[in-house]
Amino acid sequence: MKKGESPYVLLDAGNTIVHLDFEALVQTLVEAGGEPVDPARLERAERATRAAMDTSRWARSSTDSGRWKEYIAGMMAGAGVAAPAQDGWAEILRARDRHRTFWRRVPDETRRGLDRLAAAGVRMAVVSNSDGRVREILRRVGILDRFEFVIDSSEEGVEKPDPEIFRRALARAGVGPDGALYVGDLYHIDVLGARAAGLDAVLVDPDGTRGGLDCPRVRDLDELAERLLAGDLRPPERSVAG
Numbered sequence: 017m018k019k020g021e022s023p024y025v026l027l028d029a030g031n032t033i034v035h036l037d038f039e040a041l042v043q044t045l046v047e048a049g050g051e052p053v054d055p056a057r058l059e060r061a062e063r064a065t066r067a068a069m070d071t072s073r074w075a076r077s078s079t080d081s082g083r084w085k086e087y088i089a090g091m092m093a094g095a096g097v098a099a100p101a102q103d104g105w106a107e108i109l110r111a112r113d114r115h116r117t118f119w120r121r122v123p124d125e126t127r128r129g130l131d132r133l134a135a136a137g138v139r140m141a142v143v144s145n146s147d148g149r150v151r152e153i154l155r156r157v158g159i160l161d162r163f164e165f166v167i168d169s170s171e172e173g174v175e176k177p178d179p180e181i182f183r184r185a186l187a188r189a190g191v192g193p194d195g196a197l198y199v200g201d202l203y204h205i206d207v208l209g210a211r212a213a214g215l216d217a218v219l220v221d222p223d224g225t226r227g228g229l230d231c232p233r234v235r236d237l238d239e240l241a242e243r244l245l246a247g248d249l250r251p252p253e254r255s256v257a258g
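For the sequence shown, the numbering used here gives the first residue as 17, with consecutive numbering after it.
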């Protein structure tokens, strides 16, 4: 990232821009015959599960159906759902998500951060491991117009952490690796993948629990905007994928 210049900001989508609607998840579980779960507890369990699964093994395919089952099982276990029901809930939630996505919550601090970056003239785009729906999801929540383009891995035939998907984003943006910054919530997929393509990267760490990692961290996109515009996002010594 060049000093003294605002980089082109490339962003992950899920858990960076748009988040799960945990109240809708709980409603779906109850409608399908499950016991009520506190949405806040489910959200805490989801964050803990995601952090625990952020490994090089999971990075090989974050969109794989087996990973989805592992993710849902971990979330449900953390929220107190009995183990025998976990696989069944994974299939139910996956089917319901295809019909009407649970990815529909954009926190106020996310909108505020995007607005601050846009007002400062920072160019932005999305690079997401997704199933072909990310562009429509962003349109439905009213923020698609913040981004110059959206790269969806299912349309590209390549997904993070493969550096090729980042290179395609750079080519579309018309900038080199030193003129861009990637922002995402998974270290092995987002940070190391971006670095393999030569980009600096920032990790979204809402709970502030990942201080041992060799990358800048922000709680949310509002903090990203504040620190980026203040020139306070200097990358430390770092490692790369591989």
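For each residue, glycine too, the CB sits at the ideal point set by N, CA and C. The model shown is predicted, which means the values in this text are computed figures rather than measured ones.
*Roughly how many angstroms separate the alpha carbons of R149 and S170, rounded to a whole number?*
Along the sequence shown, read from residue 1 onward, the residue named residue 149 stands at position 133. Along the sequence shown, read from residue 1 onward, the residue named residue 170 stands at position 154. Cα to Cα, the separation comes out at about 9 Å.
*Selection from E242, D238, R139 and L160 that minimises the alpha carbon distance to L197*: On the sequence shown, position 181 is the one that residue 197 refers to. Nearest of E242, D238, R139 and L160 to L197, Cα basis: R139.
_Three-state secondary structure (DSSP) of D221_ = Translated into the one-based positions of the sequence shown, residue 221 becomes position 205. Coil at D221, not helix or strand.
*Assign R211 to buried or exposed, taking buried as 16 or more other Cβ atoms, counted over all protein chains shown, within 10 Å of its Cβ.*
Within the sequence shown, the letter at position 195 stands for residue 211. Buried is the call here.
*Compute the beta-carbon to beta-carbon distance between G141 and A89, rounded to the nearest angstrom, for a pair I have assumed lies under 8 Å.*
Taking the first residue of the sequence shown as position 1, residue 141 is located at position 125. Taking the first residue of the sequence shown as position 1, residue 89 is located at position 73. Checking the sequence shown, residue 141 turns out to be Ala, not Gly. Under the criterion of beta carbons closer than 8 Å, A141 and A89 do not qualify as touching, at roughly 33 Å.
*On the three-state DSSP scale, how would you describe I167?*
Residue numbering aside, residue 167 sits at position 151 when the sequence shown is read from its first letter. Note: I167 maps to strand in three-state DSSP.
_Three-state secondary structure assigned by DSSP to V267_ = No statement about residue 267 is possible, as the shown extent of the chain runs from 17 to 258 and does not include it.
*Alpha carbon to alpha carbon, how far is G190 from R162? Give it in angstroms, no decimals.*
On the sequence shown, position 146 is the one that residue 162 refers to. On the sequence shown, position 174 is the one that residue 190 refers to. Distance between the alpha carbons of R162 and G190: 18 Å.
*State the Cα-Cα distance for the pair E21 and M92, rounded to the nearest angstrom.*
If you number the sequence shown from 1, residue 21 lands on position 5. If you number the sequence shown from 1, residue 92 lands on position 76. Near 44 Å, if we compare the C-alpha coordinates of M92 and E21.
*For V143 versus D70, is the C-beta distance shorter than 8 Å?*
In the sequence shown, the residue the question calls residue 143 occupies position 127. In the sequence shown, the residue the question calls residue 70 occupies position 54. No.
*Candidates C231, L41 and L245, of which the one nearest A61 by Cα*: The residue labelled residue 61 in the question sits at position 45 within the sequence shown. Taking the Cα of A61 as reference, the smallest distance to any Cα among C231, L41 and L245 is reached at L41.
*Find the nearest neighbour of R83 within the set E180, D221 and R110, judged by alpha-carbon distance.*
Here residue 83 is taken as the residue at index 67 of the sequence shown, counted from 1. Ranking the options by Cα distance to R83, first place goes to R110.
_Using CA atoms only, rank isn't needed, just tell me which of L245, P222 and E180 is closest to V234._
Within the sequence shown, numbered from 1, the residue matching residue 234 stands at position 218. Checked all of L245, P222 and E180; the closest Cα to V234 is P222.
*When the Cα of E59 is compared with those of R114, A217 and R121, which residue comes out closest?*
For the purposes of this step, residue 59 is identified with residue 43 of the sequence shown, where counting begins at 1. Nearest of R114, A217 and R121 to E59, Cα basis: R121.
*Using the rule of at least 16 other Cβ atoms within 10 Å of the residue's Cβ for burial, across every protein chain shown, is E253 buried or exposed?*
Your numbering for residue 253 matches position 237 in the sequence shown. Note that E253 has pLDDT 49, beneath the 50 cutoff, so the model's placement of it is unreliable and the number below is only indicative. With a threshold of 16 other beta carbon atoms within 10 Å, E253 falls short and is exposed.
*Helix, strand or coil at V174 according to DSSP, with G and I counted as helix*: As a position in the sequence shown, residue 174 is number 158, starting the count at 1. Note: V174 maps to coil in three-state DSSP.
*Leaving out five residues on either side along the sequence, give the residues of the same chain with a beta carbon under 7 Å from the beta carbon of T65.*
Stepping through the sequence shown from its first residue, residue 65 is reached at position 49. The answer, listed in chain order, is Y87, G90, M91 and G94.
*Could you tell me whether any non-hydrogen atom of the ligand FAD is closer than 7 Å to the CB of V122?*
Annotation note on the ligand FAD: not contained in the displayed structure, which lists no ligands.
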